[in-house]
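Here's the structure, in structure tokens; my notes come after.
Protein chains: 2
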Amino acid sequence: MRSHFCGELNESFIGKRVTLCGWAHSRRDHGGVIFIDLRDREGVVQTVFDPSKKEPFAAAESVRTEFVLRIQGSVRARPAGTENAHLRTGKVEVVADSIEILNRAEALPFQLDEEGLSEQVRLTYRYLDLRRDFMQKNLRLRHQITRTLRRFLEDRHFTEIETPMLTKSTPEGARDYLVPSRTNPGHFFALPQSPQLFKQLLMVAGFERYFQITRCFRDEDLRADRQPEFTQLDIETSFLDENGVMGLMEEMLRALFKDVLNVELPNPIPRMSYDEAVRRFGSDRPDLRVPLELVDVGDLMKNVEFKVFAGPANNPAGRVAALRVPKGGELPRSQIDGYTVFVGQYGAKGLAYIKVNDAARGRDGLQSPILKFLPDEVIAGILQRTGAQSGDLIFFGADTAKVVNDALGALRLKLGDDLKLKQEAWKMIWVVDFPMFDYDADAKRWVALHHPFTSPKTEDVGRVDIDPANVKARAYDMVLNGSEIGGGSIRIHRVDVQEKVFATLGIGPEEARAKFGFLLDALRYGAPPHGGIAFGLDRLCALMSGVDSIRDVIAFPKTQKAACLMTEAPSPVDEMQLRELHIRLRKPPEKTAGESAGEKSEQKV
Amino acid sequence: MRSHFCGELNESFIGKRVTLCGWAHSRRDHGGVIFIDLRDREGVVQTVFDPSKKEPFAAAESVRTEFVLRIQGSVRARPAGTENAHLRTGKVEVVADSIEILNRAEALPFQLDEEGLSEQVRLTYRYLDLRRDFMQKNLRLRHQITRTLRRFLEDRHFTEIETPMLTKSTPEGARDYLVPSRTNPGHFFALPQSPQLFKQLLMVAGFERYFQITRCFRDEDLRADRQPEFTQLDIETSFLDENGVMGLMEEMLRALFKDVLNVELPNPIPRMSYDEAVRRFGSDRPDLRVPLELVDVGDLMKNVEFKVFAGPANNPAGRVAALRVPKGGELPRSQIDGYTVFVGQYGAKGLAYIKVNDAARGRDGLQSPILKFLPDEVIAGILQRTGAQSGDLIFFGADTAKVVNDALGALRLKLGDDLKLKQEAWKMIWVVDFPMFDYDADAKRWVALHHPFTSPKTEDVGRVDIDPANVKARAYDMVLNGSEIGGGSIRIHRVDVQEKVFATLGIGPEEARAKFGFLLDALRYGAPPHGGIAFGLDRLCALMSGVDSIRDVIAFPKTQKAACLMTEAPSPVDEMQLRELHIRLRKPPEKTAGESAGEKSEQKV
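For the record, the sequence lines run as chains A and B.
FYI, my numbering numbers position 301 of the first sequence as 301, with every residue one higher than the one before it.
FYI, my numbering numbers position 445 of the second sequence as 1445, with every residue one higher than the one before it.
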């Protein structure tokens, strides 16, 4: 139907006849002549209709924006002075001698170049939203990313193997999406939260190097930027230790950033222990673009009379930390009050601070409601340890370690944004040496920080059941600009260790057999040492595209209420369908089958 | 952990030190020396333990089959006369000086080289079944196939775009798998039977060339070789007509067969109309490896007194056809009786035949219970039209056209197998010119032969609502050796045509709006002419691997009862989970949560 793409025409085509297909991006009538900018996936070119050619001119007169057209004509140079430097094809135009209207278009509910569209409109008319240059670029970049990742792994003899979508519920922390079985009444499949156990079994099967780009599912209450279905680059290897896996993955990411963005990532990518990350940044996924750090001052506070500080300083589970904000002395009181409210969301009961007006004058150069509680030597210690300069502000957090880390960690990021301290950079690090277990005080039991199949450090294996608090895991997370983009571990390949970990997690032999019998069996028949990683592809694509929301790198995303505004899924179904699946509703749906399932007013982009 | 793969060692490594990891494929003690064949993903190599090296020798003595080992040593030529020509590494061996047992293995439930394993055993211990060379090769070939297809499409500027798995029930013929929504009580997602509407919307969005290798789902009663979840290579293009799509797909398949199997497919791939395929082979997916054809003889039978033939010959919906079997005269009576039973499964009430003992002698050279009903000129007509030779057998079918086509079409294939008439060949054809609609006599309504989004032939558009029986579709199926491996069509891009097709199918405006409102809207906003195709990847891989069952090219398949014997999915779930999903069981499951969901005795491979 076409001889060329609109977007590829340039001066080298002058004099040639072309047949183009595409959309009427715009139409202008000027000096008795009609100009139609024709758009296809490769770009836009100007076509010209002269009234002397009656039939095509008349047809062109009926064209409206977004009509689908087939235009034949000859390429010529644009008259001097009418070139468009903003357009790749801007030095030429196509003099049309024939036009066919392939399809008409009603007036669109919005203009393609309209800004600030609501997410409700964008997602309801997603097929139009996707026509916009912004979304075309995002989805094409996403394909370029997956293509580069795939080829890298294929070139290193990884085999892509598909694992089931209809599988068994495995307790990996989140709620499963369930699928009722018709042929096994009362039984359910679960959609996979990850192919974790299947990929481990592929290692037992001897594939040694597996990968898959695959959909995963979590039925969670969707926080800011999550989707009920998301895509994972899933990788597993045999006979590699953590350095082997991390080395290969670094190589892959360096190739990816180089090929797709022409960005050179460091070699090697720096590593930081979990303990250090939490101590310095209050988070195990620190954003290193923000040049602010938490500094421990608990030892200075042990004997002060100020109970707010002395309490946590003397509590083994407590923490007292300072966060110096260079030039923060200029912050108005109202903004500091705002930050106090902000850290309150993380459980902090207040936000103490000291303004450093003149660092050289000691106590007299400072300004703070808490100064009176602090002896001179403590003040000197704070100034020295934080390295505070005149004009700076020092915030303090004092509470349980968790509250201080969460509150000051979040404040650190907020200050980075508010004060524009954030570097323009790709800050990638590995976070390593994670604790194996975390104590759930409510449930009064140990839970796995990663998942129950993660191997403890070799030197800690003997301690798993007697001192779980001090067992480290062979786990590693990859963090990019404060987002965890990947996480993995060396897995347990010995059945006795796996049983011990299950026991520590309160999973008795019977439950372990019922839920994971096939894994325990597999570990008995010659399971190789193995480990791997999974990357969150949506997040990685969003970061590399420079967009804030993963919804901008997904063709048909769901809203935060897990609904599709375009198709109106989920929707009511026939009673007959439920009957076949041996289930019934607890109470009838509030809406009838013809009506919308999704909410109609929605969060902003 | 390793310096080389076992399978890559050869004479060029002689004298080199190597570190290998893998499985003890076998252990032999011979002349005081221990030989361990070590296997990894690249192959097997012999390692040798000499009693003079006490420590490794003692460790090697404890090794049993399938132990996971790390062995260090030096490569040397095998002593003359002990080379193994069957092994790629058969001219060398590794003299071991160190061995580390990475993991032990209990005795396997079966030997890896055991033949005739039941599917129950194979699927229960799939992680061991996958260790076998046969399955390793199948899954690696599958990856080679997807890799080749992907790169072909990527090199032609197709964009891979992911479409949702949690979507809306669309009536495409089969039963949906449903997923209850937790956040929208009483509402359900459906798992996609195909991304049909999403890929059409991506064309409306202007992507022009889309593909995706994606999972699809059908909750059907599983016939011989179906799976509840299957994988599709899904393709859609804009501004191409059927010749454009078919041409591109042929090019892709030729590249695939050349690259993966070194097979040259014909150029162009032959096309056959639906009518011709059914007339000559009784099927719209004819297996052209079998050199037998149906021949119409109804016109000869119109006036015979034999009602069994005359009835269908005079019925517009009837058919009388002959199937000549070269040298079929040698078939024993018992086998012919067997075929009579066989065609009975397809509704045939009998299987008339004529044995051609001596073709030159006319009626006197023939042998058949029906001869007496047939006048000489009819017999002469049959012999001439079928081209029967002495020694041949002619079978007859006379019934409704459907029964005759089904019965003789199936008999044709069975004879091809039984009489070893099938060529060793790759017989690929396009079947085209399908009817648009099929009349469902039970439901008394027209149904779409492909799907409701398929475009009628341009010249038939005006007839859609007034003469649906004679409307042909712009659809095409790709058939390989009697299997439909792909099917597609040019789609409807005009909203008025889509509405007319819906109306013909009995989908009124209100229902169309409720189910497909978003599609109808999309067609109004500048939908380009578009069309595409989908290939069944499992089937294609099975054919290219030369295996009978798609289960041999799927890592973790389900049984015919849609269960996973390894993980025992589907399984009962907690009452709490159901409560969160706002559903309850119609009656309690018969088994308790710890027990198996799957059946335990199963079909053969």
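Glycine included, every Cβ here is placed at the ideal spot set by N, Cα and C.
Computed from a predicted model, the values in this text were never measured in an experiment.
Nearest to residue i (by Cα), restricted to the options the options
i, options, result
"residue 390(A)", "325(A), 53(A), 306(A) and 165(A)", "325(A)"
"residue 1488(B)", "1473(B), 1558(B) and 1497(B)", "1473(B)"
"residue 1402(B)", "1465(B), 1275(B) and 1373(B)", "1275(B)"
"residue 250(A)", "239(A), 238(A) and 264(A)", "264(A)"
"residue 1427(B)", "1485(B), 1137(B) and 1308(B)", "1485(B)"
"residue 437(A)", "571(A), 471(A) and 161(A)", "471(A)"
"residue 1285(B)", "1292(B), 1272(B) and 1150(B)", "1272(B)"
"residue 1367(B)", "1360(B), 1378(B) and 1354(B)", "1354(B)"
Any chain A beta carbon closer than 9 Å to residue i
i, result
"residue 1476(B)", "no"
"residue 1181(B)", "yes"
"residue 1587(B)", "yes"
"residue 1023(B)", "yes"
"residue 1188(B)", "yes"
"residue 1125(B)", "yes"
"residue 1534(B)", "no"
"residue 1061(B)", "no"
"residue 1558(B)", "yes"
"residue 1087(B)", "no"
"residue 1373(B)", "no"
Backbone CA spacing between residue i and residue j [nearest angstrom]
i, j, result
"residue 118(A)", "residue 411(A)", "29 Å"
"residue 215(A)", "residue 1193(B)", "16 Å"
"residue 1479(B)", "residue 31(A)", "57 Å"
"residue 424(A)", "residue 414(A)", "16 Å"
"residue 289(A)", "residue 312(A)", "29 Å"
"residue 1226(B)", "residue 1548(B)", "12 Å"
"residue 1230(B)", "residue 1100(B)", "42 Å"
"residue 319(A)", "residue 395(A)", "14 Å"
"residue 252(A)", "residue 157(A)", "13 Å"
"residue 560(A)", "residue 1448(B)", "37 Å"
"residue 7(A)", "residue 512(A)", "60 Å"
"residue 169(A)", "residue 1571(B)", "8 Å"
"residue 1075(B)", "residue 1013(B)", "6 Å"
"residue 16(A)", "residue 1220(B)", "55 Å"
"residue 1299(B)", "residue 1461(B)", "33 Å"
Amino acids of chain A, ordered along the chain, whose beta-carbon sits closer than 7 Å to that of residue i
i, result
"residue 1567(B)", "167, 168 and 518"
"residue 1205(B)", "127, 130 and 131"
Cutoff 9 Å: residue i Cβ touching any chain B Cβ
i, result
"residue 8(A)", "no"
"residue 259(A)", "no"
"residue 571(A)", "yes"
"residue 297(A)", "no"
"residue 32(A)", "no"
"residue 238(A)", "yes"
"residue 290(A)", "no"
Contact belief for residue i with residue j at Cβ below 8 Å, rounded distance in angstroms
i, j, result
"residue 22(A)", "residue 38(A)", "5 Å"
"residue 1034(B)", "residue 1041(B)", "About 24 Å; that fails the 8 Å criterion."
"residue 1094(B)", "residue 1045(B)", "6 Å"
"residue 236(A)", "residue 202(A)", "7 Å"
"residue 1197(B)", "residue 1519(B)", "6 Å"
Cross-chain neighbours of residue i in chain B, by beta carbon under 7 Å
i, result
"residue 563(A)", "1184"
"residue 103(A)", "1493, 1494, 1526, 1527 and 1528"
Chain B residues whose Cβ lies nearer than 9 Å to that of residue i
i, result
"residue 241(A)", "1001"
Listed by chain order, chain A residues near residue i by CB distance under 9 Å
i, result
"residue 1473(B)", "Simply none; closest approach about 20 Å."
The ligand HEM heavy atom lying under 8 Å from the CB of residue i
i, result
"residue 488(A)", "You won't find the ligand HEM in this model; it holds no ligand whatsoever."
8 Å Cβ cut-off: residues of chain B touching residue i
i, result
"residue 582(A)", "1585, 1586 and 1587"
"residue 228(A)", "1166"
Relative to chain C, which residues along the region 1151 to 1168 of chain B have a C-beta separation below 7 Å, given in chain order? Absent here is chain C; the protein component of the structure consists of chains A and B.
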